[in-house]
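Numbering (UniProt numbering), first residue to last: 1 to 129.
The structure appears right after this line, and notes come after that.
Written out as structure tokens, the structure reads:
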């Protein structure tokens with residue numbers, strides 16, 4: 001079974017970046033742009049990793065990350081937040097509730113490294129240079 005990555009984003013930008021990382025071909029991607037579906041999808045799918053854009057309209061990333069870390073049958077799903085640099089200045093509490101974060105605009109090398117860090121047991125990354 002392929003490792004599952006849940007994408008929670010509105011623009012499709014992150015999905016486009018992931019499609020350009022050939023090492024991730026063995027992953028299954030599930031995406032939603034609807035904030036209200038984020039938690040139910042986490043419960044239903046039990047993803048191996050969650051990538052979430054903290055700038056989604058009507059989405060409270062800090063509360064979501066707290067719920068992901070404490071409210072599931074399989075707790076501690078790694079979570080990577082995608083944020084705008086100004087968000088760190090406004091409210092950095094979320095830093096304590098995520099495994100990693102990436103600043104916009106996202107670079108493929110940074111995204112690859114973050115996924116490798118959060119999913120160290122995925123053997124496909126051992127061949128990366």
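A virtual CB, placed ideally from N, CA and C, is assigned to each residue, including glycine.
{"Asked": "Just to check my reading of the structure: residue 101 and residue 80 have Cβ atoms closer than 8 angstroms, yes? What is that Cβ distance to the nearest angstrom?", "Found": "7 angstroms"}
{"Asked": "Could you round the C-beta distance between residue 45 and residue 6 to whole angstroms and report it? I think they count as a contact, below 8 angstroms.", "Found": "6 angstroms"}
{"Asked": "What does a CB cutoff of less than 6 angstroms around residue 82 pick up in its chain, not counting 5 residues either side in sequence?", "Found": "53, 102"}
{"Asked": "What residues match up with residue 29 in a beta bridge as DSSP calls it?", "Found": "5"}
{"Asked": "Residue 51: buried (16+ other C-beta within 10 angstroms of its C-beta) or exposed?", "Found": "buried"}
{"Asked": "When burial is assigned at 16 or more other CB atoms within 10 Å of the CB, is residue 115 buried or exposed?", "Found": "buried"}
{"Asked": "Residue 19 by DSSP, collapsed to three states: which one?", "Found": "helix"}
{"Asked": "Using beta-carbon positions only, say whether residue 17 and residue 108 come within less than 8 angstroms of one another.", "Found": "yes"}
{"Asked": "What does the alpha-carbon distance come out to for the pair residue 60 and residue 23?", "Found": "31 angstroms"}
{"Asked": "What residue range does the beta strand (DSSP E) around residue 96 cover?", "Found": "From DSSP, residue 96 is part of no beta strand (DSSP E); its letter is neither H nor E."}
{"Asked": "Alpha carbon to alpha carbon, how far is residue 48 from residue 76? Give it in angstroms, no decimals.", "Found": "10 angstroms"}
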